[in-house]
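Enquirer: Residue numbers (numbering that gives the first Met the number 0), protein chains in the order written: chain A, 0 to 388; chain B, 0 to 710; chain C, 0 to 318.
Would you mind keeping the following structure in view while I ask a few things?
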Amino acid sequence: MPGEFIEEGKAALPADETGRTRVQEFWRLLGRNRMALAGLVIFIAFFLVALSGLFLTSGKKPLFDPALVRLQEKLRPPLARPNLETLAPGQVPALGVYLFGTDDLGRDVFARMLQGAWVSLTVGFVAVGISVIVGICLGGIAGYYGQSRIRADHVLFLIVLHAGIVLLLLWVRPLWAALVAGGLWGSVLGSWWRKVWKGLELPPRLNVLRKETLSVDTLIMRLVDIMLCFPSFFLILTVVALLPASIYNIMIVIGLTSWMGTTRFVRAEFLSLREQDFVTAAKALGLNDLRIIFRHMVPNAIAPVLVSATIGIASAILTEAGLSFLGFGVPPPHATWGNILSDGKRFIFDAPWLTFIPGIAILVVVLSFNLFGEGLRDILNPKLRERHW
Amino acid sequence: MTVRRVLIFLPAVLILFLLQSYFWVPTYEQQTRGNPRRLHEYITASIGDASILNPVLSADSASSQIEGLVFEGLIDRDEELRFRGRLAKSWEIYEEAYFYVNEDALVPGLGKADAAQVVELIKGAKKTKGPWSRALEASLDLIRDISIIPPKEFRVLKKVRTLGGKGREGQVEIHVRAPPRIRLTLGKVDQDLFRNLSCLLGDRYFSSFRAWKYLSAPPDLDGERLKALGREILPATTHNPVVVFHLRPHVKFHDGHIFDAGDVKFTFDAIMDPKNLSPRVADYEPVKAVEVVDPLTVRIVYKRLYSPALGTWAMGILPEHLLNREALEAEARRLGKDPKNFSIRQSAFNRHPVGCGPFVFRRWKSDQFIRLDRFEDYWEGPANYERYVFRIIPDLLTQEMEFYAGTIDSYAVQPHQVKRLSKDRRFQSFSGTSFGYTYIGYNMRRKPFDDPRVRRALGMAIDVDKIITYVLHGQGERITGPFVKQTDYYNHDIKPLPYDPEGALKLLEEAGWRRNREGWLEKDGKRLQFTLITNSGNDLRKAVLAIAQDAWKQIGIDVRTDLLEWSVFIQERVDKGDFDAVILGWAMGIEPDLYQIWHSSQTHPHQLNFVGFKNREADELIVKIRQEYDHEKQVQYCHRLHEIISREQPYTFLYVSKWTAVLDKRIVIREVDEKGNIHYRKITPTKTGDYTFYFNRWIKLPEAPAFMAEG
Amino acid sequence: MLSFIGRSVIQKVVTLFFVSVISFLVIHLAPGEPSQVDPLNPKFTPEMVERFRKEFHLDAPLHVQYYLFYSDLFTGKTVSWKDNRSVLGKIWERFLNSLPLFIVGTLLTWTLSFPVGIRSAIFRGGIYDRSATFFSYLLISIPGFFFAYILIIFVVTRFHVPVIGMETFGLSVSSWVHVAMDRVWHLLIPSVLGATGGIAVLSRYVRSQMLEVEGQDYIRTARAKGLPPEQVHYRHALRNALLPFVTMFGLILPGLIGGSVIIESIFSWPGIGRMAYEAILARDYPVILTINFISAVLVLAGTFVSDILYLIVDPRIRL
C-alpha cells in the first residue's frame, strides 16, 4: 500500500538468547531508560493521587469538598491559613491550610485538583479506551478478513440486526434488559443465518443478494480515509459544541475521532501476522476465528497500540484542556485540570497560582505519559534498541 | 561536510532572521507617548467583530456600537433618559380615533341615531357641562375635531378556511358596504376614550356594533367565521396614534447628500420589505403608514395604541439615494447578479455604510479593526477626536495587556480587574448601573415551583449580597423586579428578599417540605430535587450556578447543575419549557413594555414567558402600560405590576450588574463656549450612568489635567 | 501508472462524497439553529424566525438542502448567513492571513527537526539525545494556551513591544522594510507556538528513521570500510532515511486551511481557525461546510501527492 505510514513498531517479543523472559527483558530495558522510568513512576503516582482523589472528594461529606463555596475566602494564595472567624465549622479545610490556595469562589484548589485528577484521568483513559477498542476491532477485521468480500445479504443481515437492537434499546427499559434482549436477538438471528440461510437454495433472481461487492478491507480503509478528512480538533469542537456538553460526550467524541491510527497499525500487523506459521497452525487446529484473533494475534500486535495509547492519553488530556479554554470542556460540577486552568487564567495577574498549579500539573503528567510512551516504543522495538559496536 | 553545514546553517539563519525583527518593532512607549497622533485617536477593543453595518439588518451589539456613530436616528435619549431630538427638531403626538356609526344601537336620549346626530351629540356634550364624570369630561376636552367619513363600498380578498374547502385555506372575495364612520382628532393619546364615550353613547354602543351585517361573502362561510371577519375588516373602534416629526434642515449625509423626509420613509420601507429580512420588523409592525408631508415633515400613523413606538425612531436613518431600487439594480448589474433577487441584504453598503452620524466610515478589516473618521460637516459640529477605531481582540487577557500598555483606550473591564486598575493613578474609572438583570427563573408548570412559598424560600436561601460583594466585586446592585432600576418605572418601595435560610426552611415547612434523617428536604417521601441549568461561556452565571447549588445544598435541597452551549440551551431546553430552573439574564429596554416576557399569552413553546407566569391582574396592567402614552399613569401601573411580580417571585431576581469603564486620566471633555474659550471638564457619567454621553466632546491631552474640584 | 492515478482519483472522489454527506448530516442533525434565528431575542417574532428558516432553506427536506448547498458551492454562489458575503471570498481573505503563519511554522518545523533528529540519532543515548527527547516532549506537553500566555506576558513585560495582531496596530512608519519586519516579528511567537508540536514529532521521527537505517547492513559495511563517520551518517544513512519524508510533503497540504483556534484567538490573528470557530458558534452552516469540504479536498489531494511522490522516489515500487 503506497502512501501509508506504518509506524515502525514490530512487535513479536521473542525470548532472547540470554534466556530471559519477555517481562524480565522489558524491565531490564526500562531500567536503563531513566526518562521512561521516571515517566512511569510519575504516571503511577498520578494514578494513586487520582484514585485517592476519587475517595477523598466524593460522597455527602467528603474530606476535601471541591464544591464548597466560601466567598469571603476567595483568591487566597497557596499555604494561606483560613480566616477562622468568618468560617462555619464545616467550612474549614481539612488540612487547616489552603494548600494550593483558593479560587475566585473561595473553593479549595487542592480539593479541586484532587477531584480533577480523577476526572482528567478518566477522560484520558476512557477516550483512549474507546479509540483502542474501535481501532483493534476494525483494524483486526480489516487485516484478518481483509480479502473476503461483502455480499448484499451481509449488509441486509447487519441492517436487520442493528435495527432490531436499536428498536429494543428505544422501547425496552431498563437498559440491561434491552442489552440482554439485544444479545438474544443477535444470537437467534446469527444461528438462523448459519443454519437456514447458508443452505438455502435461492431462486436465480434473488441471487443478486449473494453477489460479491467491495472487500471488507477496502470498506474499512475508506472509512478511515473519510474520518481522516475531518480536521480532528474541529470535528471534536463541532460535535462538542453542538451536543449538550457532558463529561461522557467529551470522552466519547475524543475517542471516536482518534481511532484511525490504531486501526492502521493493527491492520498492518495483522496483514503480516496472518502469513506467519503460528496462525496457520492455529487455523489447521480448527480454532475458531475469534479465538485466533484475540488469543493469538492481538497480543502480538499490541505493542504499537500500547505506545500510541499512552501518548493518546496525554493528548486527550491536552485536548480536554484546549476545549476548556474555548468553554466546551467538561462542565461543572466536575472539575478537571483543564477547566481549573482555563477558569484561572482570567486571574493570572491577581492569582497566578490558579494558572500555574494546574498548568504545571498538566505539563508534568502529560510529559510523563509521553516519555513513558516514547520509552515503551524504544523498548518494544528491537530494531531501535541500542547496539554496541 | 556540506550537508551537515547546510542543516545547521539553515535553521540558524531562519531563527536569527525572525529574532532580528524585534529591533524594527516600535515599543509601546514609541507608540503611545512618542506618537503625537495618538492623542487624536480613540481606540476601543471588543472581543467580537461586527457582522453587518446596517441598522436595519443587524442585531448584534458590536454592529450597533459602530452604527451608533455612523448613523443618526430621529431622536435619542438625553441624560435624564427623556427623548431628545436629533435628526428631528421636534415632534408631536396626537391621536386620530375612529368608530363606525352603530345604526342599531339606542343612544340615550336619541334612540337610533345616524352619523350626523352622533356628531352633534358629542359636540354638544363637549360644549356644555353635563352630568358626566370627570373622566368623560377629560376625554371630551381632548377632542379637537370631529368629522364624518361617508359610507363607502369596497372589496377585500381574504384567506379563510371555508366550509366547502374542508378546512383548506381559500381566497374569498368579500364585498363590504361600510357604514359611515366618525373620526375624532384628539390632542393627546387617550386609551380610555371609547370607554368614556360609551357613557355618552350608551353602554353597548361600541360593543354591539354588528360589523358582519355589512359584509357579503360566499354562502359557505359559517356564522362565527363571518363575525370574526367582520370584526377584522370593520373594527367598531380604532385608535390611530399619530407622530409628526419636524426634521432638522440642512443635515448632510457623509457623501454630501441632504437628508430629508424621504430617507425616513425609505428606512421604514426597508425594514418592512420582506426581502430584507430585517430583525426589526416587530418594532415597526404597529405602524400603519409613514407619510411624507413635506421634505422636512414626516407623519407616522399607528394602527393601534402602542406607547413604546416613539423609542423605535432612535434607529439610524438610511440614505435613500444609495439604496433605492435604481441604486440596487445598478449594483446588481455591476456585480453580474440577478437584480430581481438583489436586496439591501446583498448590497456592499453593509460593509461600507454611509449615514449622517458624527463619524464617517473608513475601513473595515474583518476581525482586525473598523476605522471611522470624524465627519467635519456633522450638524452638531465635528467631534473632537479625529478618529475612532474599533479593534477586535478576542482574548480578554491580551486586551487587558494592550490597555495597560496604552494602545487601546477602553475595553470591557472585568469586575475583578476594576479594583486593581482603579488603584493605578494613570486611570480614571466610572461605573453605573446597567440595563440588564440576572435572575433564576423557575418553571412554574412543574412541582414544586408552582408554590410561591417554595420560590420565595429558594430566593431567601441565597445570599445575594455576598454574590455581589465577592463575585461581582461590588459591581452590582440588588434588584427586585423587571424594570430598569434608574427609571421611574422601578418601584423603590419594594424591599429585596432577605438572606434568611431559617426563614426559608420555615416557608418550605409550610409548603410541606421537611428534613429527613439524612438532612434532605422531603415531602410525601420524595426528595426536593431538581436541576439548575445555565449556558456555558458566561463566568458570572457559572459562579452563580455553583453558589446557588451550594446554598441550596446547605438547606437540604438536592440540586444538580448543568451547563449547556447557548443555542442548545435555548432551543432544546428553554424554548421547549424542558427545565426546572434556569439562570439567565434579560437586557432591558428603557420602555416598560413587558408583554413578551410576562403576559400569560406568551407562555407557549418558543415564547419568552418560558417560566409560565400567569396572573390576571398582571396581564391587564401589562396591556394598559403598553397602551398608555401618559408617563405618570404608566409609572403608576408599573409600580403596581412590580409589586405583583415581586409577590409572586416567578424569578429570584438576583442583581443588576454595574458596568465599569476605565479610561486614561488624560481623556477629558473639551468644550468651546460662545466666545471661543476652551474649557476642560472631567468626564462624569450622567445620572443614568452613561459616561459616553458626551463622547463627541472627548479628547485626550498630553498630560493629565488637575481639576480644582476633585483635587 | 495512469491506471493507478485514475483509480485513486475515483476513490478520492467517492470518499469526498461521503465526507460531504457526513459533515452535512452532523451539522444539520445536531441541535441548535443559526444565530440569525435566535428566538430569545424579543425582537424576533415566530414569523420572523420562520421567514429566516425559509430564506436559509432550513424548512426543506435534508436531501434538497444538501443538493442546494453543494450546487451553490460548486457554482461559487454560497454566501455566509452571518453577513451575506461570499463564503469563498471570506475564506480566501482568511487564507491569506493564515498563510504566513503556516509558511513560517512549516519552515521552522522542517529546518529544525532534521538537525535535531539526526544529531540525536548519531549520539543516541547520550546526554544530547536525552535532553533533546526531553525538551521536545516538554514542548508538546504544555497546554497550548498556558504556554502562549506565559510567552506573551514574558515578552510584553520584558521587551515592551506588542506581540498580538498581525502587525503593530496603527504603525505610522512608511518604509516597507519596517512594515515587513514588523509583520515578521508578529509572526514569530504564534508560529513558534504552532511549530513546537511539529518539531517534536518530526524530530523524533527523523531520529527513528535514522536509527533504522543505521542498523542496516550497508551502513555497517560503509563503517567497516573505514569511511569517516561523518560521511557515513550524512551521505549514506541520511539519504536513505530521507525517503519517507519526501512523501510527507504531500501531507503538509491540509495545514494550509487548518489553523489553531486557540492560538489565533489569543494572538488576535484573523485566521481561518477563528473564522471556523465563530461559524460553529453562530451555526453559520455554509461557512462550516465549505471549510470542511475544502479541507477534505486538501487532505485527499495531500495523500494523492504523497502517493505519487512515493512512486517517483522509491524505485522498489513499480505499478
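We put the beta carbon where it would ideally sit given N, CA and C, even for glycine.
Taking the alpha-carbon of phenylalanine 360 of chain A as reference, which of A:Pro92, A:Gly115 and A:Leu55 has the nearest alpha-carbon?
Expert: With the sequence shown as reference, residue 360 of chain A is identified as alanine, and phenylalanine is not the correct amino acid for it. When only C-alpha atoms are compared, the closest one is A:Gly115.
Enquirer: With a cut-off of 8 Å, does the C-beta of alanine 281 of chain B fall near any C-beta of chain C?
Expert: Yes, its Cβ sits closer than 8 Å to a Cβ of chain C.
Enquirer: Would you say glutamine 570 of chain B lies against chain C (beta-carbon separation less than 8 Å)?
Expert: For glutamine 570 of chain B, the answer is yes, since a Cβ of chain C falls inside 8 Å of its Cβ.
Enquirer: Compile a chain-ordered list of the residues in the segment 49 to 73 of chain A whose CB is closer than 8 Å to at least one CB of chain B.
Expert: Answer in chain order: Lys59, Ala66, Leu67, Val68, Leu70, Gln71 and Lys73.
Enquirer: In whole angstroms, what is the alpha-carbon distance linking aspartate 376 of chain B and lysine 251 of chain B?
Expert: Rounded to the nearest angstrom, the two C-alpha atoms are 7 Å apart.
Enquirer: Do threonine 156 of chain C and cysteine 228 of chain A have their CB atoms nearer than 8 Å?
Expert: Taking 8 Å as the Cβ cut-off, threonine 156 of chain C and cysteine 228 of chain A do not qualify as a contacting pair.
Enquirer: Sorted by chain position, which residues of the same chain lie with C-beta nearer than 7 Å to glycine 2 of chain A's C-beta, five sequence neighbours on each side aside?
Expert: Caution applies to glycine 2 of chain A, whose pLDDT of 35 falls short of 50 and renders its modelled position unreliable; the value that the coordinates give is listed next. Counting only Cβ-Cβ distances below 7 Å, and skipping sequence neighbours, we find nothing.
Enquirer: Does the beta-carbon of asparagine 32 of chain A have 16 or more other beta-carbons within 10 angstroms, so that it is buried, or is it exposed?
Expert: It counts as buried.
Enquirer: Hey, leucine 563 of chain B and proline 357 of chain B: beta-carbon distance below 8 Å or not?
Expert: Going by C-beta atoms, leucine 563 of chain B is not nearer than 8 Å to proline 357 of chain B.
Enquirer: Pop quiz: glycine 163 of chain A and tryptophan 184 of chain A are said to be a contact at Cβ under 8 Å. What is the actual Cβ separation, rounded to whole angstroms?
Expert: Contact holds; Cβ gap of about 5 Å.
Enquirer: For glutamine 398 of chain B and phenylalanine 168 of chain C, I'd like the C-alpha separation in whole angstroms.
Expert: Their Cα atoms are separated by approximately 13 Å.
Enquirer: For a contact meaning CB atoms closer than 7 Å, what does threonine 156 of chain C contact in chain A?
Expert: Within chain A, no residue comes near threonine 156 of chain C; the closest Cβ sits about 11 Å away, beyond 7 Å.
Enquirer: Could you work out which residue in B:Gly255, B:Arg230, B:Asn239 and B:Pro278 is closest to threonine 184 of chain B when comparing CA atoms only?
Expert: For threonine 184 of chain B, the nearest C-alpha among the options comes from B:Asn239.
Enquirer: Assign leucine 214 of chain B to one of three DSSP states: helix, strand, or coil.
Expert: The answer is strand: DSSP assigns leucine 214 of chain B an E or B state.
Enquirer: Starting from the C-beta of serine 7 of chain C, find all residues in its chain whose C-beta is less than 8 Å away, skip the five residues before and the five after it, and write them out in chain order.
Expert: These residues qualify, in order along the chain: Phe303 and Asp306.
Enquirer: At a CB-CB cut-off below 8 Å, which residues of chain A make contact with alanine 470 of chain B?
Expert: The residue asked about is misnamed: residue 470 of chain B is valine in this sequence, not alanine. Within chain A, the residues near valine 470 of chain B are Leu70, Asp103 and Leu104.
Enquirer: Is there at least one Cβ from chain A nearer than 8 Å to glycine 164 of chain B's Cβ?
Expert: Bear in mind that the predicted position of glycine 164 of chain B carries a pLDDT of just 48, short of 50, making it unreliable; the figure below should be weighed with that in mind. Judged by the 8 Å Cβ criterion, glycine 164 of chain B is not in contact with chain A.
Enquirer: Specify, as a first and last residue, the run of the beta strand (DSSP E) that tyrosine 488 of chain B falls within.
Expert: No beta strand (DSSP E) contains tyrosine 488 of chain B, which DSSP labels as neither H nor E.
Enquirer: Name the chain B residues that come within less than 7 Å of lysine 344 of chain A, Cβ to Cβ?
Expert: Per Cβ cutoff of 7 Å: Leu396.
Enquirer: Using DSSP bridges, identify the partner residues of lysine 151 of chain B.
Expert: Partner(s): B:Ala177.
Enquirer: Straight-line CA distance for leucine 156 of chain B to glycine 222 of chain B?
Expert: Distance between the alpha carbons of leucine 156 of chain B and glycine 222 of chain B: 18 Å.
Enquirer: Using a Cβ-Cβ cut-off of 6 Å (strictly less than) and excluding sequence neighbours within five positions of isoleucine 188 of chain C, which residues of its own chain qualify?
Expert: Counting only Cβ-Cβ distances below 6 Å, and skipping sequence neighbours, we find Leu150 and Val162.
Enquirer: Please report the Cβ distance between proline 99 of chain C and glutamine 367 of chain B, rounded to the nearest whole angstrom; I am assuming they are in contact, meaning their Cβ atoms lie under 8 Å.
Expert: Contact flag wrong, Cβ pair sits at about 14 Å.
Enquirer: Tell me the DSSP bridge mates of glutamine 606 of chain B?
Expert: None, per the DSSP bridge assignment.
Enquirer: Using 8 Å as the limit for Cβ to Cβ distance, is tryptophan 184 of chain C near chain B?
Expert: Taking Cβ atoms only, chain B reaches closer than 8 Å to tryptophan 184 of chain C, which makes this a yes.
Enquirer: Please give the ranges of any alpha helix (DSSP H) in the segment 340 to 380 of chain B, keeping only runs that are unbroken, at least 4 residues long and fully inside the region.
Expert: Whole alpha helix (DSSP H) segments, 4+ residues: zero.
Enquirer: Got a sec? Which residues, its chain only, sit under 6 Å from alanine 278 of chain C by beta carbon, not counting five neighbours each side?
Expert: Result list for alanine 278 of chain C: Val286 and Ile287, in chain order.
Enquirer: Shorter than 8 Å from the beta carbon of asparagine 239 of chain C to some beta carbon of chain B?
Expert: Taking Cβ atoms only, chain B never reaches closer than 8 Å to asparagine 239 of chain C, which makes this a no.
Enquirer: When we look at the beta-carbon of leucine 196 of chain B and count the other beta-carbons within 10 Å, is it buried (16 or more) or exposed?
Expert: So leucine 196 of chain B counts as buried.
Enquirer: Identify, in the order they occur along the chain, each residue of the same chain with its Cβ nearer than 6 Å to the Cβ of alanine 49 of chain A, setting aside the five sequence neighbours on each side.
Expert: Excluding sequence neighbours, alanine 49 of chain A sits near Ala116, Trp117 and Leu120.
Enquirer: Drop a sphere of 10 angstroms on the beta-carbon of glycine 105 of chain A, count the other beta-carbons inside from all chains shown, and report buried for 16 or more, exposed for fewer.
Expert: Under this definition glycine 105 of chain A is a buried residue.
Enquirer: For chain B, find out if any of its Cβ atoms is closer than 8 Å to the Cβ of aspartate 107 of chain A; answer yes or no.
Expert: Judged by the 8 Å Cβ criterion, aspartate 107 of chain A is not in contact with chain B.
Enquirer: For a cutoff of 8 Å on Cβ pairs, would you count glycine 145 of chain A as touching chain C?
Expert: No, because no Cβ of chain C sits closer than 8 Å to the Cβ of glycine 145 of chain A.
Enquirer: Would you mind working out which of C:His185, C:Gln208, C:Gly301 and C:Ala29 sits nearest leucine 250 of chain C, comparing C-alpha positions?
Expert: When only C-alpha atoms are compared, the closest one is C:Gly301.
Enquirer: Just verifying my parser: in three-state terms, what is the DSSP assignment at glutamine 146 of chain A?
Expert: Looking at glutamine 146 of chain A - three-state DSSP - the assignment turns out to be coil, as it is neither helix nor strand.
Enquirer: Taking buried to mean at least 16 other C-beta atoms within 10 Å of its own C-beta, is alanine 35 of chain A buried or exposed?
Expert: Result: buried.
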